[in-house]
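Just so you know, we're using the working numbering here: the sequence shown kicks off at 1 and counts up by one.
For reference, the structure is listed below as structure tokens.
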Amino acid sequence: MTVKIDPKRWCEGRVHALRQWTDKLYSIQVDADVDVFTAGQFTKLGLVIGDEFISRPYSYVNAPGETPREFYFVTVPDGPLTNAMVRMKAGDPIHVMRRASGFLTLNEVPDAAHLWMLSTGTAIGPFLAILKTREPWQRFQRIILVHAVRCAEELSFADSIATLRDSYPEQFDFIPFVSREDTNFAIKARIPAAISDGRLEERAALEITADTSQVMICGNPDMVKSTQATLQERGLARNRRREPGHITVENYW
Ligand SMILES: Cc1cc2nc3c(=O)[nH]c(=O)nc-3n(C[C@H](O)[C@H](O)[C@H](O)COP(=O)(O)OP(=O)(O)OC[C@H]3O[C@@H](n4cnc5c(N)ncnc54)[C@H](O)[C@@H]3O)c2cc1C
Ligand SMILES: NC(=O)c1ccc[n+]([C@@H]2O[C@H](COP(=O)([O-])OP(=O)(O)OC[C@H]3O[C@@H](n4cnc5c(N)ncnc54)[C@H](OP(=O)(O)O)[C@@H]3O)[C@@H](O)[C@H]2O)c1
1 MTVKIDPKRW CEGRVHALRQ WTDKLYSIQV DADVDVFTAG QFTKLGLVIG
51 DEFISRPYSY VNAPGETPRE FYFVTVPDGP LTNAMVRMKA GDPIHVMRRA
101 SGFLTLNEVP DAAHLWMLST GTAIGPFLAI LKTREPWQRF QRIILVHAVR
151 CAEELSFADS IATLRDSYPE QFDFIPFVSR EDTNFAIKAR IPAAISDGRL
201 EERAALEITA DTSQVMICGN PDMVKSTQAT LQERGLARNR RREPGHITVE
251 NYW
């Protein structure tokens, strides 16, 4: 059986490189002639597996205009696409949806003094894409990037984060969370708990308030939900097109 893939919607890219971070975490770099997108958006990657075309959404980690395109992913048990992608080699074909989607972008975020970017696991990707552009640095006085993982080895992209620290020493703060290991540098907690008990703000030396803050949240849907509920108790509200608020979210599953 031949699988039909609409060339108007999909372009055939080639794997540029596969970078392995841990036994489960990878970046796949792809050369693909995709449409212009906005930093923070996702596209879809697709492969023919058996006689099926399997496609899933992935956020761009690269800034618009930057090549190769990069996607950061975790292999999930029995996940068809992720377990196929880890076997790919440079030069292998992979389909990329031409048009990107998604609203985890700065044009959905009103101005404020401080921008908080809260992520779990692979969801640090879209925030790195945004931070590689000029806009956040022009619009916000302080930017706090939070990356929550289970184990310290899952704190990928240390090189990109060091570059941001060097480039914006007064403006940028990176706060790692490691929930299942003791470290001497990370907060050992989940994000909503560390907001409730004040540990996150103490570490940032900055308060999260409706008057000063915009908060972007991405990753594990249970984390997104309970972080949002915690912030709503403090008077922050979801951003709606007709009613600007303070919280912008994206769920990864
Ligand atoms: C808007 C959006 C953007 C996304 N961007 C990314 C991305 O940049 N990187 C990425 O790794 N995934 C991302 N995902 C998830 C991705 O689309 C796939 O679901 C995932 O890679 C697993 O694909 P699979 O075919 O191997 O398994 P599936 O059958 O699709 O997934 C099996 C199960 O694994 C769990 N799962 C899926 N994704 C994750 C994840 N990232 N972390 C932890 N558990 C997960 C869920 O419980 C899911 O039901 C995104 C999802 C959405 C909706
Ligand atoms: N990372 C691994 O070693 C590992 C091992 C086996 C399988 N996997 C597979 O990989 C997938 C992704 O794992 P992941 O580690 O990237 O993502 P994850 O399970 O979402 O964990 C990332 C971080 O989010 C926290 N978190 C989880 N649920 C939360 C909630 N409801 N509220 C707030 N914070 C929450 C975790 O804390 P807690 O530690 O407290 O949960 C952890 O600090 C898993 O779903 C699984 O399929 C990963």
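Each residue gets a CB set at the ideal place from its N, CA and C atoms; glycine is no exception.
Quick caveat, the model's predicted, so the values are computed rather than measured.
Distance between beta carbons of residue j and residue i, contact taken as under 8 Å
i, j, result
"Asp111", "Val15", "Not quite, the Cβ-Cβ distance comes to about 39 Å (not below 8 Å), so this is no contact."
"Pro80", "Thr38", "29 Å between Cβ atoms; not a contact."
"Arg180", "Arg150", "4 Å"
"Asp51", "Val3", "7 Å"
"Arg98", "Cys11", "5 Å"
Separation of residue j from residue i, as counted between CA atoms
i, j, result
"Leu47", "Glu201", "43 Å"
"Val30", "Ser226", "34 Å"
"Arg9", "Phe53", "14 Å"
"Phe172", "Thr163", "11 Å"
"Gly245", "Leu155", "30 Å"
Proximity of residue i and residue j at Cβ, strictly below 7 Å
i, j, result
"Leu106", "Ile143", "no"
"Ile195", "Phe174", "no"
"Thr122", "Val178", "no"
"Gly219", "Val96", "no"
"Tyr26", "Phe42", "no"
"Met117", "Phe127", "yes"
"Asn62", "Arg69", "yes"
"Ile28", "Leu18", "yes"
"Ala113", "Gln141", "yes"
"Ala129", "Tyr60", "yes"
"Ala148", "Thr120", "yes"
"Ile49", "Ala90", "no"
"Arg199", "Ile187", "yes"
"Asn184", "Pro221", "no"
Residue i Cβ short of 6 Å to ligand 4 heavy atom set
i, result
"Val146", "Of the ligands one can find in the structure shown, namely ligand 1 and ligand 2, none is ligand 4."
Cβ-heavy atom distance, residue i to ligand 2, below 6 Å
i, result
"Thr120", "yes"
"Asp222", "yes"
When the options are compared against residue i, the one with the closest alpha-carbon
i, options, result
"Asn239", "Arg134, Gly219, Ala210", "Ala210"
"Ile217", "Thr248, Arg242, Pro244, Leu236", "Thr248"
"Pro176", "Val86, Asp23, Ala204, Ile28", "Ala204"
"Asp35", "Ala100, Phe71, Ser55, Glu66", "Ala100"
"Val215", "Trp21, Val146, Arg165, Asp166", "Val146"
"Glu66", "Cys11, Pro169, Leu231, Asp33", "Asp33"
"Asp23", "Lys44, Val76, Gly40", "Val76"
"Gly40", "Trp21, Thr212, Gly125", "Gly125"
Check: residue i C-beta below 6 Å from any heavy atom of ligand 1
i, result
"Tyr60", "no"
"Trp253", "yes"
"Val76", "yes"
"Leu155", "no"
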